[in-house]
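Presented below is the structure to which this report refers.
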Amino acid sequence: MQNYNLTLEFTANPAWYAIQALPYMMEYPYECTEQIFNRFYANSIATHIANSNPKIKKVFEDWKNIDTAALLSNLEKNQELKYALLEETPWVLDAQDESERKKRVGLLFDLIRMADELSRAEQKLREKQYSNGGWPWFPGLPENRYITQYIVAGFGHLERLGIKDIRENNSTWEMLRKAVLYADIRMYEDYEWIKKHGILDKKNIGYIQAQYLYGRSYYLDIPVDEKHKEAFDYWKGQAQQYWLSNNKYMQGMIALALYRLYDAKTAKDIIKSIIENAVFNDEMGMYFKEEWGWCWYQAPIETQALLIEAIDEISKDQDAVDLMKIWLLKQKQVQDWKTTKATAEACYALLLRGTNWLAETKMPEIKIGSEILNLVDNPEIHIESGTGYFKTSWKGEEIKPEMGSVTVTNKNQVVSWGSLYWQYYEQLDKITPHETPLKIKKQLFLKINSDTGEKIIPVDDKTKLTPGDIVQVRIEIRVDRDMEFVHLKDMRASGFEPINVLSTHKYQDGLWYYENTRDAATNFFMDWLPKGTYVFEYPLRVIHKGDFSNGITTMQCMYAPEFASHSEGVRVKVE
Numbered sequence: 279m280q281n282y283n284l285t286l287e288f289t290a291n292p293a294w295y296a297i298q299a300l301p302y303m304m305e306y307p308y309e310c311t312e313q314i315f316n317r318f319y320a321n322s323i324a325t326h327i328a329n330s331n332p333k334i335k336k337v338f339e340d341w342k343n344i345d346t347a348a349l350l351s352n353l354e355k356n357q358e359l360k361y362a363l364l365e366e367t368p369w370v371l372d373a374q375d376e377s378e379r380k381k382r383v384g385l386l387f388d389l390i391r392m393a394d395e396l397s398r399a400e401q402k403l404r405e406k407q408y409s410n411g412g413w414p415w416f417p418g419l420p421e422n423r424y425i426t427q428y429i430v431a432g433f434g435h436l437e438r439l440g441i442k443d444i445r446e447n448n449s450t451w452e453m454l455r456k457a458v459l460y461a462d463i464r465m466y467e468d469y470e471w472i473k474k475h476g477i478l479d480k481k482n483i484g485y486i487q488a489q490y491l492y493g494r495s496y497y498l499d500i501p502v503d504e505k506h507k508e509a510f511d512y513w514k515g516q517a518q519q520y521w522l523s524n525n526k527y528m529q530g531m532i533a534l535a536l537y538r539l540y541d542a543k544t545a546k547d548i549i550k551s552i553i554e555n556a557v558f559n560d561e562m563g564m565y566f567k568e569e570w571g572w573c574w575y576q577a578p579i580e581t582q583a584l585l586i587e588a589i590d591e592i593s594k595d596q597d598a599v600d601l602m603k604i605w606l607l608k609q610k611q612v613q614d615w616k617t618t619k620a621t622a623e624a625c626y627a628l629l630l631r632g633t634n635w636l637a638e639t640k641m642p643e644i645k646i647g648s649e650i651l652n653l654v655d656n657p658e659i660h661i662e663s664g665t666g667y668f669k670t671s672w673k674g675e676e677i678k679p680e681m682g683s684v685t686v687t688n689k690n691q692v693v694s695w696g697s698l699y700w701q702y703y704e705q706l707d708k709i710t711p712h713e714t715p716l717k718i719k720k721q722l723f724l725k726i727n728s729d730t731g732e733k734i735i736p737v738d739d740k741t742k743l744t745p746g747d748i749v750q751v752r753i754e755i756r757v758d759r760d761m762e763f764v765h766l767k768d769m770r771a772s773g774f775e776p777i778n779v780l781s782t783h784k785y786q787d788g789l790w791y792y793e794n795t796r797d798a799a800t801n802f803f804m805d806w807l808p809k810g811t812y813v814f815e816y817p818l819r820v821i822h823k824g825d826f827s828n829g830i831t832t833m834q835c836m837y838a839p840e841f842a843s844h845s846e847g848v849r850v851k852v853e
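Count along the sequence shown starting at 1, add 278, and that's the number in our numbering.
This is how it looks when you write it as structure tokens:
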């Protein structure tokens with residue numbers, strides 16, 4: 279074995295990555311009502327956060343003029359530490375898109391421009407509202423109840439956060455008053471239908487009714503019509519009775535609604551249950567095991583942000599809030615937050631709820647081997663503004679065995695993270711397995727024909743391979759968290775040739791991926807890899823006789839290269 283390079287990278291305050299992620303949504307020529315409101319909502323929150331602290335603008339100017347790498351996509355960073363160059367992957371445009379989004383954060387500091395854009399978006403919403411108070415998805419379609427309640431709740435949320443006074447502008451208030459009354463009527467119609475069919479004593483509350491109560495709780499100064507009060511009380515009672523049988527997002531909405539509707543006891547019971555059912559982890563903080571999906575009430579980032587708001591408002595448990603913020607930040611470490619709305623919600627929860635993490639500026643004490651790193655006046659180490667990020671390396675002859683031991687003393691209240699990368703030269707068949715939250719197991723199987731049909735037997739030291747044989751490669755991977763932009767590379771012996779020679783997209787076990795066959799390896803590129811266990815299989819044909827190294831299988835999150843793993847090296851003999 280020959281040492282090549284040892285690299286330490288560390289981020290003292292990752293909360294600043296939320297500033298880099300602040301969304302700025304541009305205007306598009308053909309927009310649905312939901313997109314218009316999302317642009318208004320996300321830009322309102324992002325502008326508010328960007329201008330809430332003078333330090334934020336100063337740090338952004340440093341990123342733009344001094345620490346220019348800070349505004350690059352994570353996909354573009356640390357190329358020397360990745361198993362594949364960005365140009366060899368399908369994600370070049372994704373990287374360019376994220377870099378452009380980071381640079382557009384600067385527009386949020388232009389208050390005159392942002393005020394004009396927000397005003398235009400609000401005017402569009404007024405124009406698209408129907409006379410009955412509802413909004414359609416696209417003009418010409420019937421009004422959509424979910425979208426109407428979504429807009430009502432969103433405006434109420436902005437006011438609750440202190441971002442917009444919806445009552446100071448008569449046209450805005452009239453627009454929302456009409457929408458609230460529309461939602462009241464639809465809620466009443468639900469009740470009348472249930473009453474007509476004689477099922478009032480059953481569980482009837484669903485996501486749309488929970489969303490209604492949540493949105494309605496922002497507008498208690500708009501009285502419920504006398505005709506609708508019985509229906510309103512029924513749905514409130516349904517929420518009080520059946521909250522436990524719903525998912526966490528719905529529980530969060532119900533808790534906030536009941537708390538504002540003067541039922542603090544049930545609201546606090548819900549929060550207590552939510553915390554009791556949470557998962558606590560030293561690395562990941564506090565989070566929830568849920569069946570996530572594609573519906574609006576099954577989104578993990580928005581759910582975590584909503585529950586942070588609920589716990590902060592109802593129980594004021596700052597320790598729980600800070601633990602939940604850790605999970606949000608750790609999601610950003612290995613993936614891009616999915617949507618603009620999710621990013622806006624996550625940024626607000628991280629930056630303006632719980633402890634003020636942006637105020638934390640102390641650098642850690644890092645001891646590598648017997649040496650304490652000098653991070654104060656070391657000309658070879660540049661500390662990035664805000665994040666406190668730095669990277670330093672040692673070359674082959676400088677690397678000592680004791681440097682494999684690293685001790686970090688974090689002097690801040692905010693979570694910090696770092697990685698140590700050891701690069702070395704070794705014969706492929708002597709490489710031992712390495713695991714992180716990514717785990718890999720690779721096996722080779724020989725396909726044989728028997729009296730009962732085709733069988734596969736494991737390939738080991740005693741297996742006799744001959745030219746013409748078909749070998750099945752099986753790679754099992756396990757991942758303990760959702761990740762984006764994951765690259766799996768499987769080397770093969772020079773005595774083998776692939777049967778699948780065409781690169782193609784594939785779908786298997788709920789996973790879309792791109793399979794790319796090259797001269798010495800087969801690559802698998804996964805845009806999105808949810809937590810779980812997956813098996814990849816593909817066939818090879820034995821071509822040449824000899825004693826070959828079959829190489830190793832490597833796997834790495836291109837968004838966070840510290841999450842990497844590889845299998846052990848093996849040899850195969852062909853007689």
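The beta-carbon is built from N, C-alpha and C at its ideal position, and this holds for glycine as well.
**Prompt:** What is the DSSP secondary structure of H765, reduced to helix, strand or coil?
**Reply:** Here residue 765 corresponds to residue number 487 of the sequence shown, with the count starting at 1. Three-state DSSP puts H765 in a strand.
**Prompt:** Going by DSSP, what residues sit across from I718 in a beta bridge?
**Reply:** Counted from its first residue, the sequence shown places residue 718 at position 440. Residue pairing by DSSP places I718 opposite I755 in a beta bridge.
**Item:** Identity of the residue in T831, K546, K767 nearest E846 by Cα
**Value:** Stepping through the sequence shown from its first residue, residue 846 is reached at position 568. Closest in C-alpha terms to E846, from the list T831, K546, K767, comes T831.
**Prompt:** Across which residues does DSSP place Q834 in a beta bridge pair?
**Reply:** Position 556 of the sequence shown, counting from 1, holds the residue named residue 834. Answer is H765, A842.
**Prompt:** Does the Cβ of G440 have 16 or more other Cβ atoms within 10 Å, making it buried, or fewer, making it exposed?
**Reply:** In the sequence shown, residue 440 corresponds to position 162, counting from 1. Looking at its Cβ environment, which holds fewer than 16 other Cβ atoms inside 10 Å, G440 is exposed.
**Request:** Could you say which of S495, Y466, E762 lies nearest to D503 if we only look at CA atoms?
**Result:** Stepping through the sequence shown from its first residue, residue 503 is reached at position 225. That would be Y466, whose Cα lies nearest to the Cα of D503.
**Prompt:** In terms of DSSP beta bridges, what is H783 paired with?
**Reply:** Taking the first residue of the sequence shown as position 1, residue 783 is located at position 505. In the DSSP output, where bridge partners are listed per residue, H783 has Y792.
**Item:** Local Cβ density within 10 Å of S593, reported as buried at 16 or more and exposed below that
**Value:** Walking along the sequence shown from the start, residue 593 turns up at place 315. With 16 or more other Cβ atoms within 10 Å, it is buried.
**Request:** May I have a chain-ordered list of the alpha helix (DSSP H) segments no shorter than 4 residues that lie completely inside the stretch 389 to 473?
**Result:** 389 to 406, 423 to 438
**Asked** Within this structure, are the beta carbons of M641 and M602 separated by less than 7 Å?
**Response** By one-based count along the sequence shown, residue 641 stands at place 363. By one-based count along the sequence shown, residue 602 stands at place 324. In this structure, the beta-carbon distance from M641 to M602 does not fall below 7 Å.
**Prompt:** Does the distance from the C-beta atom of F668 to that of I677 stay below 7 Å?
**Reply:** Locating residue 668 in the sequence shown gives position 390, where the first residue counts as 1. Locating residue 677 in the sequence shown gives position 399, where the first residue counts as 1. No.
**Message:** Extract the residue ranges of the alpha helix (DSSP H) inside the stretch 289 to 347, only unbroken runs of 4 or more that lie entirely within it.
**Reply:** Counting only runs of 4 or more, we get 294 to 298, 311 to 328, 332 to 343.
**Request:** Output the distance between the C-alpha atoms of V337 and E437, rounded to the nearest integer angstrom.
**Result:** In the sequence shown, the residue the question calls residue 337 occupies position 59. In the sequence shown, the residue the question calls residue 437 occupies position 159. V337 and E437: Cα-Cα distance of roughly 28 Å.
**Message:** Do I586 and R631 have their beta-carbon atoms positioned less than 7 Å apart in this structure?
**Reply:** Along the sequence shown, read from residue 1 onward, the residue named residue 631 stands at position 353. Along the sequence shown, read from residue 1 onward, the residue named residue 586 stands at position 308. In contact: R631 and I586 (Cβ atoms closer than 7 Å).
**Request:** Would you list, in sequence order, the uninterrupted beta strand (DSSP E) runs of no fewer than 3 residues that lie entirely inside the stretch 622 to 681?
**Result:** 643 to 646, 668 to 673
**Request:** Could you tell me which residues DSSP pairs with F774 in its beta bridges?
**Result:** Indexing the sequence shown from 1 puts residue 774 at position 496. DSSP lists V820 as partners of F774.
**Message:** Helix, strand or coil for T730? Go by DSSP, reduced to three states.
**Reply:** Here residue 730 refers to the residue found at position 452 of the sequence shown. Collapsing the DSSP output to three states places T730 in coil.
**Short Cβ contact (7 Å threshold) for K717 with R752** = Within the sequence shown, residue 717 is the residue found at index 439, counting from 1. Within the sequence shown, residue 752 is the residue found at index 474, counting from 1. No, the Cβ-Cβ distance between K717 and R752 is not below 7 Å.
**Nearest candidate by alpha-carbon position, reference G515, set T621, G493, Y469, E643** = Walking along the sequence shown from the start, residue 515 turns up at place 237. Minimum Cα distance to G515 is reached at Y469.
**Close beta carbons around Q596, own chain, < 6 Å, minus the five adjacent residues each side** = For the purposes of this step, residue 596 is taken as residue 318 along the sequence shown, with counting starting at 1. Counting only Cβ-Cβ distances below 6 Å, and skipping sequence neighbours, we find G632.
**Request:** Report the residue from S330, Q280, H765 whose alpha carbon sits nearest the alpha carbon of Y626.
**Result:** Locating residue 626 in the sequence shown gives position 348, counting from the first residue. Out of S330, Q280, H765, S330 has the C-alpha closest to the C-alpha of Y626.
**Message:** I'd like to know whether the C-beta atoms of A431 and I314 end up nearer to each other than 7 Å.
**Reply:** Within the sequence shown, the letter at position 153 stands for residue 431. Within the sequence shown, the letter at position 36 stands for residue 314. Against a cut-off of 7 Å, the Cβ pair of I314 and A431 comes out as no contact.
**Item:** Secondary structure of Q280, DSSP reduced to three states
**Value:** If you number the sequence shown from 1, residue 280 lands on position 2. Q280 falls in the strand class under three-state DSSP.
**Item:** Where V820 falls, given that 16 or more other Cβ within 10 Å makes a residue buried
**Value:** To locate residue 820, count along the sequence shown from 1; it is residue 542. Under this definition V820 is a buried residue.
**Asked** Based on the DSSP output, what are the partners of V813 in its beta bridges?
**Response** Counting from one through the sequence shown, the residue named residue 813 turns up at place 535. Under DSSP, V813 shares a beta bridge with E754.
**Request:** Give me the Cα-Cα distance between S728 and L522, rounded to the nearest whole angstrom.
**Result:** Taking the first residue of the sequence shown as 1, we reach residue 728 at position 450. Taking the first residue of the sequence shown as 1, we reach residue 522 at position 244. Approximately 55 Å, taken between the alpha carbons.
**Prompt:** Which two residues bound the contiguous beta strand (DSSP E) that contains G563?
**Reply:** For the purposes of this step, residue 563 is taken as the residue at position 285 of the sequence shown. Residues 563 to 565.
**Request:** Using a threshold of 7 Å, state whether the C-beta atoms of G418 and Y460 are closer than that.
**Result:** Walking along the sequence shown from the start, residue 418 turns up at place 140. Walking along the sequence shown from the start, residue 460 turns up at place 182. Against a cut-off of 7 Å, the Cβ pair of Y460 and G418 comes out as no contact.
**Item:** N-terminal and C-terminal residue of the beta strand (DSSP E) that F802 is part of
**Value:** Against the sequence shown, residue 802 aligns to sequence position 524. Here the beta strand (DSSP E) through F802 covers 799 to 807.
**I500 (DSSP reduced to helix, strand or coil)** = Counting from one through the sequence shown, the residue named residue 500 turns up at place 222. Looking at I500 - three-state DSSP - the assignment turns out to be coil, as it is neither helix nor strand.
**Prompt:** Nearest to Q701 by alpha carbon, out of L722, V684, W672?
**Reply:** Locating residue 701 in the sequence shown gives position 423, where the first residue counts as 1. When each option's Cα is compared against that of Q701, the closest is W672.
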